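Undergrad: In my numbering, the protein residues as written are 1082 to 1358. Don't be surprised by glycine CBs; every beta carbon is placed ideally from N, CA and C. This structure is a prediction, so every number in the text was calculated from the model and none was measured. Sharing a structure, written as structure tokens. Questions coming.
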DNA sequence: AAATGAACCTGTTTGC
DNA sequence: TGCAAACAGGTTCATT
């Protein structure tokens, strides 16, 4: 489900609902998501107070107030269909709700994940830096270190399609199938073109457009295809601004030619033959 | 080394 | 109508 904009929107929505609140109890309905849940997760979380909710790549980081020498961070990836809701504790359990964190104020943080591709671990703040989930990640696309020169460097001598390169978290994090397709349309680049054969001028444009499309999506509350919802349970509206994603055989808004779909590295790629070279 | 495809899981849509 | 195949926002592992 979520790419960077969706995780960012969830993060911003959850933060005011959680920060300063203490965990009363944790209910685990299913102990295996993509991986088995960490041992004693419920016991470890009990009594902790949320200090900060943040995001790195597509991971949500729930940081807790320091109550011992080890500052704990709950790291949570939502896979394809993960959702967080904050509800009253009396709310009935959702279908596919796997974890419910009850807070002292009577609300509950509910994790629901139909396909169970999500995963979670409880780490020390220090351990995050070197954890295998984080050690190899590329820069955040919205941060200043995602520069044109860096992107050009990443593309040098690479034969992999430019779209696959954009979706590679070693290069840059947070860009999934939707935003890779949309950014390549906005920059006029054929998604199948070898990364190493895209000109520096067009890579410069691409870098700017990636930031633009992600910011636009965050502003619209993310993209809801079927099941993405924000912390308040409402959908995001960026799907209304899709110009290629999911528009196979529909006319291009710019040139009128029909949007094509092809499968690239196992993922659907949508593009306009008229606008993308 | 680099690139592709399968696997993980469940639900929905599409086509015969 | 029924059933099977294809497809879905991500990541990792195995295979060319």
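Could you tell me how far apart the beta carbons of residue 1190 and residue 1174 are, in whole angstroms, since I believe they sit closer than 8 Å?
TA: Going by Cβ atoms, the distance from residue 1190 to residue 1174 rounds to 13 Å, so no, they are not a contact pair.
Undergrad: Within its chain, find whatever has a CB closer than 7 Å to the CB of residue 1204; leave out the 5 residues flanking it on each side and keep chain order.
TA: Only 1154, 1156, 1212 meet the Cβ criterion.
Undergrad: Please report how far the alpha carbon of residue 1095 lies from the alpha carbon of residue 1261, in whole angstroms.
TA: The alpha-carbon atoms of residue 1095 and residue 1261 are separated by roughly 26 Å.
Undergrad: Spatial neighbours of residue 1118 within its chain, please: CB distance less than 7 Å, with the 5 preceding and 5 following residues excluded, ordered by chain position.
TA: Same-chain partners within the cutoff: 1109, 1112, 1201.
Undergrad: Does the Cβ-Cβ distance between residue 1105 and residue 1183 come in under 8 Å?
TA: Their beta carbons are under 8 Å apart, which means residue 1105 touches residue 1183 by this criterion.
Undergrad: Runs of 4 residues minimum, wholly inside the region 1243-1273: which ones carry the alpha helix (DSSP H) assignment?
TA: The qualifying runs are 1243-1247, 1258-1267.
Undergrad: From 1185, 1254, 1232, pick the residue whose C-alpha is nearest to that of residue 1219; which is it?
TA: Of the candidates 1185, 1254, 1232, the one whose C-alpha sits nearest the C-alpha of residue 1219 is 1254.
Undergrad: Restricting to Cα atoms, I'd like to know which of 1134, 1324, 1146 is closest to residue 1128.
TA: Comparing Cα positions, the closest option is 1146.
Undergrad: Give a yes or no on whether the C-beta atoms belonging to residue 1342 and residue 1331 are separated by under 8 Å.
TA: Not closer than 8 Å, so no.
Undergrad: Residues in its own chain within less than 6 Å of residue 1273 by CB, not counting five upstream and five downstream?
TA: 1242.
Undergrad: My understanding is that residue 1271 touches residue 1357, with C-beta atoms under 8 Å, so please give their C-beta distance in whole angstroms.
TA: Yes, residue 1271 and residue 1357 are in contact; Cβ-Cβ is about 5 Å, under 8 Å.
Undergrad: If you follow the alpha helix (DSSP H) that residue 1100 is in, where does it begin and where does it stop?
TA: Note, residue 1100: premise wrong, no alpha helix (DSSP H); not H, not E.
Undergrad: Tell me whether the beta-carbon of residue 1133 lies closer than 8 Å to the beta-carbon of residue 1088.
TA: The answer is no: Cβ separation not under 8 Å.
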